[in-house]
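Enquirer:
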Amino acid sequence: MQWTTKTFLTKTKRGNVLKIVREHYLRDDLLCGSAVCHICPHKDDEIVLDTKPESICKLFDFEHYLVLDTNVVLHQIDVLEENALKNVIILQTVLEEVKHQNTAIFQRLLEIVGNKNRKFYSFVNEHHKDTYVERNPHEKQNDRNDRAIRRAASWYASHLLLSKSDIDGKIPKIILLTDDENNRKIAQKEGIVCCTVKEYVENITGYPGLVDKLSKNVMPEACSKDALYPAHLTPSQIHSGIRGGKLYQGTFHASRDNFLEGTAVVSSFDKPILLQGHSGINRAIDGDIVAIEILPKEEWRKPSDIVLEDKADDPGDTLEEETLLNTKVDSEDEITPTGKVVGIIRRKWRQYCGILLPSKFPGATRHLFTPAEKRIPRVRIETRQSDILISQRILVALDSWPRNSRYPLGHFVRSLGPIGDKDAENEVILLEHDVPHARFSEAVLACLPPDDFKIPEEEIKKRVDLRSICICSVDPPGCTDIDDALHARPLPGLNTYEVGVHIADVTYFVRPNTALDREAAARSTTVYLVDRRIDMVPGLLSSNLCSLRGGEERLAFSCVWVVDENANVLSTKFHKSVIKMSSSAMTYEEAQIAIDDATRCDEIASSLRTLNSLAKKLKQKRLDNGALLLASPEIRFQVDSETHDPIEVQAKKIMDTNSMVEEFMLLANVSVAERVAADYPRCALLRRHPSPQLHSFDTFLKAARQQGFELDVSTNKSFSKSLNEAVIPDRPFFNTLLRIMATRCMQQAVYFPSGTRTQEEFYHYGLACPIYTHFTSPIRRYADVIVHRLLAASIGADVSHASLLDTKAADALCDNLNYRHRQAQYAGRASVALNTHILFKNREEIESAVVLAVKRNALQVLIPKYGLEGPIYLPSDKFRYNEEEHVQICGDVILRTFDELTVRLTLDSTNLQHRKLVFQLVKPSIPGVSYTAQEQVEKMEIVEIDKKENEKKRKESKGGKNKKKKYKK
Numbered sequence: 001m002q003w004t005t006k007t008f009l010t011k012t013k014r015g016n017v018l019k020i021v022r023e024h025y026l027r028d029d030l031l032c033g034s035a036v037c038h039i040c041p042h043k044d045d046e047i048v049l050d051t052k053p054e055s056i057c058k059l060f061d062f063e064h065y066l067v068l069d070t071n072v073v074l075h076q077i078d079v080l081e082e083n084a085l086k087n088v089i090i091l092q093t094v095l096e097e098v099k100h101q102n103t104a105i106f107q108r109l110l111e112i113v114g115n116k117n118r119k120f121y122s123f124v125n126e127h128h129k130d131t132y133v134e135r136n137p138h139e140k141q142n143d144r145n146d147r148a149i150r151r152a153a154s155w156y157a158s159h160l161l162l163s164k165s166d167i168d169g170k171i172p173k174i175i176l177l178t179d180d181e182n183n184r185k186i187a188q189k190e191g192i193v194c195c196t197v198k199e200y201v202e203n204i205t206g207y208p209g210l211v212d213k214l215s216k217n218v219m220p221e222a223c224s225k226d227a228l229y230p231a232h233l234t235p236s237q238i239h240s241g242i243r244g245g246k247l248y249q250g251t252f253h254a255s256r257d258n259f260l261e262g263t264a265v266v267s268s269f270d271k272p273i274l275l276q277g278h279s280g281i282n283r284a285i286d287g288d289i290v291a292i293e294i295l296p297k298e299e300w301r302k303p304s305d306i307v308l309e310d311k312a313d314d315p316g317d318t319l320e321e322e323t324l325l326n327t328k329v330d331s332e333d334e335i336t337p338t339g340k341v342v343g344i345i346r347r348k349w350r351q352y353c354g355i356l357l358p359s360k361f362p363g364a365t366r367h368l369f370t371p372a373e374k375r376i377p378r379v380r381i382e383t384r385q386s387d388i389l390i391s392q393r394i395l396v397a398l399d400s401w402p403r404n405s406r407y408p409l410g411h412f413v414r415s416l417g418p419i420g421d422k423d424a425e426n427e428v429i430l431l432e433h434d435v436p437h438a439r440f441s442e443a444v445l446a447c448l449p450p451d452d453f454k455i456p457e458e459e460i461k462k463r464v465d466l467r468s469i470c471i472c473s474v475d476p477p478g479c480t481d482i483d484d485a486l487h488a489r490p491l492p493g494l495n496t497y498e499v500g501v502h503i504a505d506v507t508y509f510v511r512p513n514t515a516l517d518r519e520a521a522a523r524s525t526t527v528y529l530v531d532r533r534i535d536m537v538p539g540l541l542s543s544n545l546c547s548l549r550g551g552e553e554r555l556a557f558s559c560v561w562v563v564d565e566n567a568n569v570l571s572t573k574f575h576k577s578v579i580k581m582s583s584s585a586m587t588y589e590e591a592q593i594a595i596d597d598a599t600r601c602d603e604i605a606s607s608l609r610t611l612n613s614l615a616k617k618l619k620q621k622r623l624d625n626g627a628l629l630l631a632s633p634e635i636r637f638q639v640d641s642e643t644h645d646p647i648e649v650q651a652k653k654i655m656d657t658n659s660m661v662e663e664f665m666l667l668a669n670v671s672v673a674e675r676v677a678a679d680y681p682r683c684a685l686l687r688r689h690p691s692p693q694l695h696s697f698d699t700f701l702k703a704a705r706q707q708g709f710e711l712d713v714s715t716n717k718s719f720s721k722s723l724n725e726a727v728i729p730d731r732p733f734f735n736t737l738l739r740i741m742a743t744r745c746m747q748q749a750v751y752f753p754s755g756t757r758t759q760e761e762f763y764h765y766g767l768a769c770p771i772y773t774h775f776t777s778p779i780r781r782y783a784d785v786i787v788h789r790l791l792a793a794s795i796g797a798d799v800s801h802a803s804l805l806d807t808k809a810a811d812a813l814c815d816n817l818n819y820r821h822r823q824a825q826y827a828g829r830a831s832v833a834l835n836t837h838i839l840f841k842n843r844e845e846i847e848s849a850v851v852l853a854v855k856r857n858a859l860q861v862l863i864p865k866y867g868l869e870g871p872i873y874l875p876s877d878k879f880r881y882n883e884e885e886h887v888q889i890c891g892d893v894i895l896r897t898f899d900e901l902t903v904r905l906t907l908d909s910t911n912l913q914h915r916k917l918v919f920q921l922v923k924p925s926i927p928g929v930s931y932t933a934q935e936q937v938e939k940m941e942i943v944e945i946d947k948k949e950n951e952k953k954r955k956e957s958k959g960g961k962n963k964k965k966k967y968k969k
């Protein structure tokens, strides 16, 4: 063994330069991994590379191994994941560079190397005495790494030649794959056989679809000829611009309604920065971190109020006029800071689901890909499989966006299944919303207890035994992951009660830093689709051992209060417990029936009545403190038990028992938050709801004013009071609609570690409470798992561990929790949309609707019966839009927010990518605009004619078949 030294220069926080010298050990006994080699002392399980590696590339008619450089791995990982390439050597130099530049690709590479069938061998060249190279004093790190890769390729070639005398036949040669032209020239001079990835893949036989997966990694700023977009600034220009205060950094968010508009949140401005037009957005894609130049104040605009979609046909590499984006500004308050993207700091590209739009030219290989996500632009890809892919949902990766291309360039990754297939469409939803949904790994499953797990007696002795108490759970119908239960019983003395919330003790099974824990942390939440559930933890826990099922003993974490008859909390205690459910899980409706049934005097009914009575008092106290009762148009599907297709949809019914459960869960969360924040002031995981920005209420307040209500949004208490008073007696749904719209003015509630915010910032605006957390759903939320661990450590029921008390680790965890929670919500909504489309296929409804918003060219309407919403597009030649009042005028008809309409609801399937519900105005009746009874009659007549024609053809066809049968006889 030999050793050398590595020298590093680093700066301290004070600006001093430190010289760090580390020993670097070199060995001569590291294995090459080839079955050809008789020099290295391989064991059977250490041989990866074949003796006779078959050549599938027409450029090389000899057996060979491949050596890859770093950029090949970074840009062509989709090619590497295919089974075509085998007998590949991955050098340690490449592994370390990939890990440093892209952790996601590094993980994908590790999976390939770990698959023995792929024949990828990882060689530790940085610690082999014959392949390690020192970095020269004036050499760039990238050049040194290229030199190390060439040295390792040369060593392999000579090392294998030494085995030639020991074996019969030819020795495999080494081919270096690199797209770096300078690296190839030097390699060729050194006698190394090399070529580009494109040259190699295009000449592979037997894998016709492989060439489609090649990354089109064009340098975006290199193409100045016929440029459509302004050039991006270089990283150094961006850095100096931000440091000098001339540029700002922000995250770009594309508009869902207008493809030529977006915003970026910048900390220096109260309002998001408005970005408009092709040049203003300048090739930014939703999620990118961008550098922004703020325009002069006289060029500031307000967001356009037009719904604008990209055209269906391929416009080529041209940009359309953008005059529609200029909107009239009536007051200074409406103006939004406006800017333009001048550079990309970091791309947040991922793989996107969608469909292929075929080229108009027969035999063409260039096609347009339309993403499922409306905020993502269409993508140009090259494929020779368009005839097959045209009917498929496919996955595409982005490669680059040159200045002279209207759309970004990308490549085909894989097919997901036929368009319209339920499994394929659900796969799209999960991929588009980045929901981890792979099967749990063997390492995760190995952490689970046996299926016949019984609570050990020694564990019961450590806990408070509550098995004799009447405890019940109340949940939605069909719920199997039941993580909360309740009890209430009177105490001897002066009108006091013991009330308990009992939460599944998931942390007994999910121990810190295990494979199971890491997987739960990565998933962060259970995702609920209409017809399936993507669990955060395996089903053995979520639906069995942790689920509080009727009549079964379960481990729990209990929060128990003593309260008086007015629901004032007199004392609180927390303890680990063992419970036994007194009855099977009850639905909200079943619990409500038990409460309302005066003939029932059993223990369960009495407990529920006590809980319900106390919950109403708790709720009133929250409302008196300023808590908001908001609403959202939630719907519930009735699903066919065999096909799992929706057969009916209706708005969710809310009962007193919904509120009963909610109140005690809120009380438990607040009680736990107070305890963990007191004991762990730096690292308690809490949940805050920031106060809404006042400008977000502008349109909402104007619409309420049109209905005669002046809402006070200065505080949550005044806002709650205003909402309670905004009632129209003959329109019972009006107040609910007002609350739905108020919800959309709010900011998102977020998780955070207590050490990163001031005490005032802990406040939860919607609940009007000074401190809050999540404790009551550990089966489906990882945040609750962390809070359980903190509380257990606080009461001495469990030990704490280092990562639990690390504020920096907690901050990173909260970022992931917030992201996963948000994506799960979006995935759920997308699933509702998918099932709504399935339900309304070949179906139409005439229903009452209410106007949610008035746009320049459309009305956004809500159908209360179904909780569905969408746009009614209005022809500009019939309607006049009043920007100041936000109303649409057609003759004597004036359409405002909150107006009641009648609409026709159908499904438009003409665009396979974006099937959508079509909302058509029926009443008020406007000639040339509204759907009329006459159109309905004509449509029914056409349908009837079609039926008769089809029946006639069917009979003729049947008669022909019968004649043939008779003839055969």
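Numbering-wise, the sequence shown is residues 1 to 969 according to UniProt numbering.
The beta-carbon is built from N, C-alpha and C at its ideal position, and this holds for glycine as well.
Mapping DSSP to helix, strand and coil, what is Y819?
Expert: Position 819 of the sequence shown, counted from the start, is the residue given in the question as residue 819. Note: Y819 maps to helix in three-state DSSP.
Enquirer: Do C559 and K580 count as a contact pair if the criterion is CB distance below 9 Å?
Expert: Position 580 of the sequence shown holds residue 580. Position 559 of the sequence shown holds residue 559. No, the Cβ-Cβ distance between K580 and C559 is not below 9 Å.
Enquirer: Would you report the Cα separation of K119 and N87, rounded to the nearest angstrom?
Expert: Counted from its first residue, the sequence shown places residue 119 at position 119. Counted from its first residue, the sequence shown places residue 87 at position 87. Roughly 5 Å between the two C-alpha positions.
Enquirer: Counting Cβ pairs closer than 8 Å, one from the stretch 598 to 617 and one from the stretch 738 to 758, do we hit at least three?
Expert: no
Enquirer: State buried or exposed for Y819, treating a residue as buried only when at least 16 other CB atoms are found within 10 Å of its CB.
Expert: Taking the sequence shown and counting its residues from 1, one reaches residue 819 at position 819. By the neighbour-count rule (16 or more Cβ atoms within 10 Å), Y819 is not buried but exposed.
Enquirer: For the stretch 88 to 100 against the stretch 208 to 215, are there 3 or more C-beta pairs whose distance is under 8 Å?
Expert: no
Enquirer: Can you give me the C-alpha to C-alpha distance between I483 and A802, rounded to a whole angstrom?
Expert: Start at 1 with the first residue of the sequence shown, and residue 483 comes out as number 483. Start at 1 with the first residue of the sequence shown, and residue 802 comes out as number 802. According to the sequence as given, residue 483 is Asp; it is not Ile. Straight-line Cα distance between these residues: approximately 27 Å.
Enquirer: Short of 7 Å in beta carbon distance, which residues of its chain neighbour I112, apart from the five on each side in sequence? Order them along the chain.
Expert: Translated into positions along the sequence shown, residue 112 becomes position 112. Within the same chain, I112 has close Cβ partners L80, E81, R118, F120.
Enquirer: What is the rounded straight-line gap between the Cα of L195 and the Cα of V379?
Expert: Counted from its first residue, the sequence shown places residue 195 at position 195. Counted from its first residue, the sequence shown places residue 379 at position 379. For the sequence presented, residue 195 should be read as Cys rather than Leu. Rounded to whole angstroms, C195 to V379 spans 28 Å at the Cα level.
Enquirer: With the cut-off set at 9 Å, would you say A504 and I779 are in Cβ contact?
Expert: Along the sequence shown, one-based indexing puts residue 504 at 504. Along the sequence shown, one-based indexing puts residue 779 at 779. The Cβ atoms of A504 and I779 sit closer than 9 Å to each other.
Enquirer: Just curious, the beta strand (DSSP E) that L416 is in, first and last residue?
Expert: Locating residue 416 in the sequence shown gives position 416, where the first residue counts as 1. Note, L416: beta strand (DSSP E), 409 to 418.
Enquirer: Determine whether the beta carbon atoms of N258 and V290 lie at a separation below 9 Å.
Expert: Position 258 of the sequence shown holds residue 258. Position 290 of the sequence shown holds residue 290. In this structure, V290 does not lie closer than 9 Å to N258 by Cβ.
Enquirer: Less than 9 Å separating the beta-carbons of V474 and H487?
Expert: Residue 474 sits at position 474 when you count from the first residue of the sequence shown. Residue 487 sits at position 487 when you count from the first residue of the sequence shown. Not closer than 9 Å, so no.
Enquirer: To the nearest angstrom, how far is it from the Cα of residue 1032 to the Cα of S279?
Expert: Any question about residue 1032 goes unanswered here, given that the chain covers just 1 to 969.
Enquirer: Ordered along the chain, which non-local residues of its own chain (more than five positions away) have a Cβ less than 8 Å from that of L416?
Expert: For this step, residue 416 is matched to residue 416 along the sequence shown. Same-chain partners within the cutoff: C353, Q392, R393, I394, L395, A424, E427, V428, L431.
Enquirer: So, using beta-carbon positions, are T906 and Q920 closer together than 9 Å?
Expert: Within the sequence shown, residue 906 is the residue found at index 906, counting from 1. Within the sequence shown, residue 920 is the residue found at index 920, counting from 1. Taking 9 Å as the Cβ cut-off, T906 and Q920 qualify as a contacting pair.
Enquirer: Note down the Cα distance separating A254 from E261, rounded to an integer number of angstroms.
Expert: Numbered from its first residue, the sequence shown carries residue 254 at position 254. Numbered from its first residue, the sequence shown carries residue 261 at position 261. Each residue's alpha carbon lies about 6 Å from the other.
Enquirer: Here's a check: name, in chain order, each residue in its chain whose Cβ is nearer than 7 Å to the Cβ of R880, leaving out the five neighbours to either side.
Expert: Working through the sequence shown from its first residue, we reach residue 880 at position 880. Excluding residues within five positions, the ones whose Cβ falls inside 7 Å are I889.
Enquirer: Determine whether the beta carbon atoms of V639 and D531 lie at a separation below 9 Å.
Expert: Numbered from 1 along the sequence shown, position 639 holds the residue referred to as residue 639. Numbered from 1 along the sequence shown, position 531 holds the residue referred to as residue 531. In contact: V639 and D531 (Cβ atoms closer than 9 Å).
Enquirer: Quick one: what's got a C-beta closer than 6 Å to R904's C-beta in the same chain, skipping five residues either side?
Expert: As a position in the sequence shown, residue 904 is number 904, starting the count at 1. Once the five neighbours on either side are set aside, the close Cβ partners of R904 are I846, Q920, V922, Y931.
Enquirer: Roughly how many angstroms separate the alpha carbons of L176 and A84, rounded to a whole number?
Expert: As a working note, residue 176 is residue 176 in the sequence shown. As a working note, residue 84 is residue 84 in the sequence shown. Each residue's Cα considered, the two are about 17 Å apart.
Enquirer: Which stretch, first to last residue, makes up the alpha helix (DSSP H) that contains R609?
Expert: Within the sequence shown, numbered from 1, the residue matching residue 609 stands at position 609. 603 to 625 is the extent of the alpha helix (DSSP H) around R609.
Enquirer: Can you tell me whether V943 is buried or exposed? The criterion is at least 16 other CB atoms within 10 Å of its CB, across all chains shown.
Expert: One-based indexing of the sequence shown puts residue 943 at position 943. Because the pLDDT of V943 is 48, which lies under 50, any placement of that residue in the model is unreliable, and the number read from its coordinates should be weighed accordingly. When all chains shown are included, V943 counts as exposed.
Enquirer: Between the alpha carbons of D226 and E320, how many angstroms are there, rounded?
Expert: In the sequence shown, counting from the first residue as 1, residue 226 sits at position 226. In the sequence shown, counting from the first residue as 1, residue 320 sits at position 320. The alpha-carbon atoms of D226 and E320 are separated by roughly 15 Å.
Enquirer: Please classify K311: is it buried, with 16 or more other beta-carbons within 10 angstroms of its beta-carbon, or exposed?
Expert: If you number the sequence shown from 1, residue 311 lands on position 311. Label assigned to K311: exposed.
Enquirer: For W155, report the span of its beta strand (DSSP E) as first-last.
Expert: Position 155 of the sequence shown, counting from 1, holds the residue named residue 155. Per DSSP, W155 belongs to no beta strand (DSSP E); it is in the alpha helix (DSSP H), 141 to 161.
Enquirer: Residues in the same chain with beta-carbon distance under 6 Å from R147, minus the five sequence neighbours each way, listed in chain order, please.
Expert: What you label residue 147 is simply residue 147 of the sequence shown in a count that begins at 1. Cβ neighbours of R147 beyond the five flanking positions: V133.
Enquirer: V720 lies in the beta strand (DSSP E); which residues open and close that run?
Expert: Residue mapping note: residue 720 aligns to position 720 of the sequence shown, counting from 1. According to the sequence provided, residue 720 is Ser. The question's Val does not apply to it. Taken as a continuous stretch (DSSP letters only), S720 belongs to no beta strand (DSSP E), being part of the alpha helix (DSSP H) at 716 to 725.
Enquirer: Near K619, what residues of its chain come up, given a Cβ to Cβ distance below 7 Å and the 5 sequence neighbours on each side ignored?
Expert: The sequence position of residue 619 within the sequence shown is 619, counting from 1. The answer, listed in chain order, is S659, E663.
Enquirer: Would you report the Cα separation of L852 and L859, rounded to the nearest angstrom?
Expert: For the purposes of this step, residue 852 is identified with residue 852 of the sequence shown, where counting begins at 1. For the purposes of this step, residue 859 is identified with residue 859 of the sequence shown, where counting begins at 1. Straight-line Cα distance between these residues: approximately 8 Å.
Enquirer: In chain order, which continuous runs of the beta strand (DSSP E) of length 3 or greater are located wholly inside the stretch 847 to 914?
Expert: 858 to 863, 868 to 873, 880 to 882, 887 to 890, 893 to 895, 900 to 908
Enquirer: In the DSSP output, what is S558 paired with across the bridge?
Expert: In the sequence shown, residue 558 corresponds to position 558, counting from 1. Paired residue(s): H502, H575.
Enquirer: State the CB to CB distance for the pair D481 and S543, rounded to an integer number of angstroms; the pair is presumed to be in contact (CB under 8 Å).
Expert: Position 481 of the sequence shown, counted from the first residue, corresponds to residue 481. Position 543 of the sequence shown, counted from the first residue, corresponds to residue 543. Approximately 6 Å separates the beta-carbon atoms of D481 and S543; this is inside 8 Å, confirming the contact.
Enquirer: According to DSSP, is R108 helix, strand or coil?
Expert: On the sequence shown, position 108 is the one that residue 108 refers to. Here R108 sits in helix by DSSP.
Enquirer: Could you pull out every residue in the same chain whose Cβ sits closer than 7 Å to the Cβ of L247, ignoring the five residues on either side in sequence?
Expert: As a position in the sequence shown, residue 247 is number 247, starting the count at 1. Result list for L247: I238, G241, A291, I292, E293, V342, in chain order.
Enquirer: Out of H138, H128, N182, A849, point me to the one whose CA is closest to H159's CA.
Expert: Taking the sequence shown and counting its residues from 1, one reaches residue 159 at position 159. If we check each option's Cα against that of H159, H128 comes out closest.
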